[in-house]
Structures are given as structure tokens and as C-alpha cells.
Amino acid sequence: MNSAAAVNRMSFERFGKMETRTTDTSFDPADERTLLQVEPGTYIIKRIDTEDEDMNAFLFRLGCYSGEPITVISKKKKACIVVIKDGRYSLDALLASAIVV
Amino acid sequence: MRIAFAGNPNSGKTTMYNALTGRSEKVGNWGGVTVGSKEYQLKKEFAGDREVIAVDLPGAYSMSPFTPEEGITSEYVRTASPDAIVNIVDATNLSRSLFFTTQLLELGIPMVVALNKSDVNAKEGTEIDVGKLSAKLNCPVFKTVSTEEKNNGLSEMIAKAISLCGTEQKAPYLQADIDLHDKAAVDAEDRKRYQFVNGIVAEVETRKVLSQETNKEDKIDAVLTNPIAGILIFAGVMWFVFWVSQAWLGPLVADWLVGYIEAFQEFVAGQLENSPPILSALLADGIVGGVGAVVGFLPLVMVMYFLIALLEDCGYMARVSAVMDPIFKRVGLSGKSVIPVVIGTGCGIPAIMACRTIRDERERRATTMLTTFIPCGAKIPVIALFAGAFFNGAGWVSLTAYFFGLVLIFLGALLIKVVTGYKYRKSFFIMELPKYKVPSLKFAFRQMMERAKAYIVKAATIILICNTVVQVMQTFDWHFQVVEEGAENTSILASIASPFAILLIPLGFGVWQLAAAAITGFIAKENVVGTLAVVYGLTAFIDVEELEMTGGANTVAMTMGLTSVTALAYLFFNLYTPPCFAAIGAMNSEMQHKGWLWSAIGLQLCTGYTVAFLIYQFGTLFTEGHFGTAFVPGLIAIAVMVVVIILISRKIRASFDAKYQLHKNAQTNVA
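In the order they appear, the protein sequences are chains A and B.
My numbering applies: residue 849 is where the first sequence begins, and numbers increase by one.
My numbering applies: residue 76 is where the second sequence begins, and numbers increase by one.
As C-alpha cells, then:
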């Protein structure tokens, strides 16, 4: 499978999953991107789901939760550097893709 | 009276603790340096006549622990009821830190807030209204700079904390009475708490430089965390550290020091001229010679400690951990595994303890198991001795030893991944990137002296005792008669070590002297050198220049009866077998699982044995055109190890499968 198809399939799955989750009718899937998919800049966090409650709670305590701003400073294939509150953090791709902005 | 130091990771708790108590506990510029609690009396100038104990705790972001070391902190402040709390707040990250502050204030224990790193704020033009913050939090707030010696705000802050003991703290924010098992309710409460904190920050803090803006440090980060450049830089930095400490500056100082040690040894021998030869041999050769051989390598170790302290102080470690994460993840470890590995170049015990910051249990245990493959400071004398005696002091020996240690960590991690049948499980990586800091030479010097002191103390106690015992055991036979010349094989030491020596024949060094040295190495790795010095009556191994001129290296090599190939095999055997007992003890307490502990020891034994076997047999094949002695028995031994590992793997996988089977059944039942 080529990579474009892989991405397509991934985003498909993602949207499929979200439709079952969300009840918000004004919801537009085209607006939703994970930290891995955005360019550097400041965004408001829409949703975090790492499927790991402790991890979600940990991120919360750092000030990383829905409604709060997060700034992407730089991005690489497998990691990105973000600013949460006044701290800089390096996140791996798995964590970055669990943060939806 | 007890005062607990609590706050976010990397806010400077231990630096402050050191300043107030005069201790030299390990500090570093990344989150998670302190992984256990420590306590000590405050200096007289701060405590006056009272006895005040400061308790340094690991960093925590909140009262609900995420990693094991965070748990120590919340457990302590909850249950040990200290008389007061000093909450160290990173003044450059007030907006995050106050979350934990407000939680601590709810405990009812009198508290003082120390706005640490206030110098950084002054530099960046960030202003915090201390009076207002104090009023909002309902507790005294002081600006502090723990890294400064004067005008650091510490004495006022700690005096206030002491004076508050016995009072009760009123919380500015109280969590509503909710069911703590109700996730939604807890979530809502935490949001409210952050709202409260955000409100305070908006009122008390004014910033000239916003954190979101890209700055110079980000440009450095871009290079250091670049997957290619970053890894090359890390390799270069480590190469530089090893080269300076073990091939350039270290040996330079060591040569100079060894002269003094030899002079001292001659002096002692001269003083003992008229005493019985046994006493003279025991004191001059055994004690002074053996301990001297170990102390002679101290400069190499000191230079290394100095450079590592600089690395740890500047903020580089967090970047290394970020850049190495993808590679380490591939073999089933975490980017955080890098930190124990780097610390491990100094000593394996703090390295093993540093594994606590790794959240995933399997990753943590695997790192604990493998981290001691990186040669520690105590192994430097062993490396330097063999490099000096057999390879003309070649720098490549030590560099290879470290590089090969890393390779073994990767291979070991892969093996653990295969054996445990590692099923895909989400493992996240998040690491705070602290602000860079110009490393303090003074601090690095102090850390170096502290470690040097420990090294000398160890040489003067454990190593000294071991050398004496070894000397006595090789001087006497079982009837407590002095062993005659030519009958050394009848000594107590020889008869104990010989059975082990047989096992080492396939590795090329099956003589009792070398076996004895390897065994005493488990007490402390420096003992390998000390014991060799005693059993072969050799000293001044690393006087490279002299050895070169007089051909003394050959003398050492001849006396030990080793070729270059067997010497390398013996060296690597000692480097990659299990660490000293103290480190094994640390492994035990971190793993808290007998199965893992024994697998770790087993894996290390197998690794050391296999590596030595391969080097000896194939080295001999290349240099002499045939395999070494006892190739087949050695091969059988290794085959047995492989079979055992496969059996263990099967067992683990079977129990996994059984678990999954249960799950399936459970699901079908529900359906």
C-alpha cells in the first residue's frame, strides 16, 4: 500500500470513529486535525484521547486539555516540540496524534 | 522539626536543598533527577540552635502520581505530616506550577512558596507581583535563586518556613466534596482548579517574552533533536567525553600521580626493610600496591565525572532523550532509557535508580536490566589497565568498550522483546525540554570532588579489605602454612578459584589468578585491577610512557600469560558480566520481581560469557588460523544457554496466550 493510501485509510478510520462518538451536529470533520497534521503555530485543543486514562490525566496536569491553547514550535516525522502553558515539551508521534486541535 | 521540599520536576528543589544543608546530592537540568527522598539537617546559619531537617522529594506535577517517583512525593506529604512545606515553584512556569501549589495548600500544613529561578525571569523581563501572589495564595511567597551563593533569598524564605511550624494553613482553593472515583466529576474539579490558577497568573504575572514565540533556543533544539544531526552530535559528544577522560587529559594526570604512588610504595617498603618479609609483602605489595593500582586511575574517572556533570547541567540530556526515543522505541525501550545509560557511565547504582522515571513497567525493567552494560566509572581502571598493558594504551579500546556496551543494550533489548513476546502496547513519550543553561564549572568541580572522595573512600575500605584478604589467601595454604615459591597453586585462593577457572577455559583465560580477579570484581569492579596487582605482584600499570620505553607492558602481558586476543576477551568478560553486588541490589529493589532479577543476572552472565567466547575463539582463528582451546565445550555451554532462553520464552508466551484465551472466553460469555 502506498503512503497516500495509508494516510487516507487512517483518516477514514479516524472520522468513522468520531461519528460514533460525537453528538455535536455542528461538527465538521474537515476542521479536525491532530498535532501531527498541523503546521507550526498556536491552536486550541479540541480533544485529547490517548486511550490511556492516566496519560490523559497527566497531560491535564501539565495544562494540556480541551479548550486550552497549545503551540507547535517544530515538527518532524516522528516527533514534535510544543509549548503548553510556559513549558516546552518533546512529544512522540503517538502522543501528538492523540491531541486533536 | 521537618520541612518537606516539594514542587514540579526541574524546579530546583535539590539545588536549594544542597544550598541549605551543605550536601551535594545529584542535580541536573532535566525533570526527574531526584528519584527518592533524602533528608539532612539544615546548616546552622539557617536553623540557628534548632534541629531542622530538610526533606528533599522527587518532583511531581500533582498529588496524583503518574510515574513511580512522583508517588513518593504525594505519599510523603500526605502521610509523613511534615511540620512545614517549602513549595518550590519554577518562576518561569508559574501557570503550570500553581496547580500543584494549590493542591499542597489544601493539606493544612503551613507552607511557604519559593519562586525559584527568579534570575531567569529578571533576564527575560517577566515580572511577578509577589505581594499579590502571596495574598491570593494565602501563604508567604519569596523570590529565590538557589544557584547563587549570596542574595539568593534563601535565608528569609527558610526562616519564615521555620517560624510557621505549628500553625495551620488555610487553603485559598478547596476542592469540592466529590466522589473521587467519578472521572467526570474529578475532571470538572481539576478544570475549576486550573481556572482559579489561570485567574491568579493573569493578575500577578506580566511577560515581555511570550513562551509561544520562537527563540534562539528553539533553533538549537531544531539541530539537536534532528533525527540525523542530533544522533551524530550525541555520538560526537560522548566520543569527546571518553576521549578526553581516557585517552588524553585523564592519562596525562594519571602518569603524574602514579609517580607519587610508586614513591610512596618504595617508601613503605623501605620502612619495612627489617620486618618479616610476609608483612612487607602484605603491606607494600598487597595493600599499597593493590589500592595504589586502583587509585592511580582516579584522574581518568575524575575527568569523566567532570565532563558528565557539565553535560547534565546544561540541559542537553532532555534533548538526547527526545532524539533517541524513536530508535530506542524500535527495540522496545523508551527515549528516557538514554538517561540511565549516560548516568551509568559514572556509576550503575544511580543509573538503575534513574529508571524509575520510565512509566511503562516493561520498558522500565528492561532498561534496569541492560543499563549496566555501559561500563561504569569503576570499570575504567580495568579498561585502562588492559589498554595500557596489551594495546599500548590505545584509545580505541575504551571507545570500543563503550560503543560495544551500547550495541549490547540494543541487542539485549531486542532479545527481551522477543523472549517476552512483546505485544504492541501504546507507549507514549513526553519530555520537558528545560531552558538551556551555561554549565557551572564550579558545580561540575564540586560534583567531581564529591565522586572522587567516594572513590577514594571505597579504595581505602572495600578494595583495601579485599586486597588484604586476597593477599592473605594467596600467601597461605589450607594448613595456614606460607605457600612456598613454585607451589602457588596450593594456596587457599588458588584452590577456591580453580574450579571457576575450568569454566573459563573456552574463553581463553582458564587460570585461577584471572578467575579470582573476576570473582572479586563482583564485590567492586575496581577489585579486578587490585586483585591482579596482588596475585601477579604488579604495580604501576598505566605508566604508559615508561611501559613503552622499558617494554614493561610486555612484562605485564608476559606475567599474565595472555595474548592480545585473550586479554581483550578477559576485559570484555569483566565489562559485560553482572555488575557489582551493590548494583545488583539496586536492580532488585527497582524491579521488585524475582523473576526479572534472576533473568537480568542470567542474561548478563550469558552475555559476558558469549562475548568473551566469540572474541577468543574467532580472534584466535584470525590471528593463528585455528580455533582456541575447548571450542566445542564452550559451544555446548552457549547452546545450553540458548535452549534455556528459548524455554523461558515459550513459558512466558504460553502464559500470555492463556491470558488472551481467558479474555476471549470472557467476551463470548458477555456476548
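From the three backbone atoms N, C-alpha and C, an ideal C-beta is built for every residue, glycine too.
Contact the stretch 540-560 of chain B vs the stretch 411-426 of chain B: 3+ CB pairs below 8 Å
no
Is the shortest distance between the beta-carbon of ILE572 of chain B and the beta-carbons of chain A less than 8 Å?
First, the amino acid is wrong: residue 572 of chain B is Ala here, not Ile. Chain A, which has no Cβ nearer than 8 Å to the Cβ of ALA572 of chain B, makes this no.
Would you please verify whether the beta carbon of VAL931 of chain A is less than 8 Å from any beta carbon of chain B?
yes
Following a CB-centred definition, is ARG77 of chain B positioned closer than 7 Å to any heavy atom of the ligand ADP?
Absent from the structure shown: the ligand ADP. Ligands present: none.
For VAL188 of chain B and ALA79 of chain B, which I take to be in contact (beta-carbon distance under 8 Å), what is that distance rounded to the nearest angstrom?
In fact, because the Cβ distance is near 13 Å, the residues do not count as touching under 8 Å.
Where do the N-terminal and C-terminal ends of the alpha helix (DSSP H) with ALA359 of chain B fall, by residue?
Note, ALA359 of chain B: premise wrong, no alpha helix (DSSP H); not H, not E.
Taking beta-carbon pairs under 9 Å, can you tell me which members of the stretch 379-401 of chain B lie near chain A?
ALA393, ARG394, SER396, ALA397, VAL398, ASP400 and PRO401
The beta strand (DSSP E) enclosing LEU939 of chain A, as first and last residue numbers
935-940
Answer yes or no: does any C-beta atom of chain B fall closer than 8 Å to that of ARG895 of chain A?
no
Determine, using beta carbons only, whether LEU910 of chain A comes closer than 8 Å to chain B.
yes
Through-space distance from LYS291 of chain B to PHE752 of chain B, alpha-carbon basis
There is simply no residue 752 of chain B to check, as chain B begins at 76 and stops at 746 in what is shown.
Using a beta-carbon distance below 8 Å, is THR281 of chain B in contact with chain A?
no
Taking only three categories from DSSP, how would you classify ASP131 of chain B?
strand
In the structure shown, what three-state DSSP assignment does GLN116 of chain B receive?
strand
Measure the C-alpha to C-alpha separation of THR201 of chain B and GLN287 of chain B and round it to an integer number of angstroms.
14 Å
Under 8 Å, do ASN85 of chain B and GLY134 of chain B count as touching if we go by C-beta distance?
yes
Can you list the residues of chain A that ARG439 of chain B reaches, using a CB-CB cut of under 8 Å?
In chain order: nothing, as chain A lies at least about 15 Å away.
Is there contact here, the stretch 471-491 of chain B with the stretch 501-518 of chain B, by at least three beta-carbon pairs under 8 Å?
no
Would GLY452 of chain B and ALA608 of chain B be called neighbours here (beta carbons separated by less than 8 Å)?
no
Please decide whether THR919 of chain A counts as near chain B, where near means a Cβ-Cβ distance under 8 Å.
yes
Suppose you measure from the CA of ILE690 of chain B to the CA of ILE723 of chain B; what does that come to, to the nearest Å?
27 Å
Between the CA atoms of ALA397 of chain B and ILE929 of chain A - distance to the nearest angstrom:
10 Å
Proximal residues to ILE458 of chain B (C-beta, below 8 Å), its chain only, five neighbours per side dropped
GLN321, PRO450, VAL472, SER473, ALA476, LEU646 and LEU650
Between B:VAL376, B:PHE403 and B:PHE309, which lies nearest to VAL319 of chain B when the distance is taken from Cα to Cα?
B:VAL376
8 Å Cβ cut-off: residues of chain B touching GLU945 of chain A:
At residue 945 of chain A the sequence reads Ser, which differs from the Glu that was named. Chain B residues near SER945 of chain A: none, gap ~10 Å exceeds 8 Å.
Over what stretch of residues does the beta strand (DSSP E) that includes SER922 of chain A continue unbroken?
917-923
Which residues in chain B sit within 7 Å of LEU942 of chain A, going by Cβ to Cβ distance?
LYS501 and PHE503
Start-end ranges of the alpha helix (DSSP H) lying completely within the stretch 518-551 of chain B, minimum 4 residues:
539-550
What residue from B:PHE309, B:LEU208, B:ARG171 and B:ARG125 has the CA that sits closest to LEU907 of chain A's CA?
B:ARG171
Apply the 10 Å Cβ neighbour rule to ASP257 of chain B and answer buried if 16 or more other Cβ atoms are within range, or exposed otherwise.
exposed
Please identify the residue among B:ALA155, B:THR704 and B:ALA529 whose C-alpha is closest to the C-alpha of PRO581 of chain B.
B:THR704
For ARG725 of chain B and THR495 of chain B, I'd like the C-alpha separation in whole angstroms.
9 Å
Within chain B, the residues that TYR882 of chain A reaches when beta carbons sit closer than 7 Å
A small fix is needed here, since residue 882 of chain A is Thr in this sequence, not Tyr. The premise fails here: THR882 of chain A is roughly 14 Å from chain B at the closest Cβ pair, so nothing lies under 7 Å.
Could you give the DSSP three-state label for MET138 of chain B: helix, strand or coil?
coil
Where are the alpha helix (DSSP H) runs, 4 residues long or more, that stay fully inside the stretch 383-417 of chain B, in chain order?
391-405
So ILE484 of chain B and LEU445 of chain B are supposed to be a Cβ contact under 8 Å. How far apart are they, rounded?
5 Å
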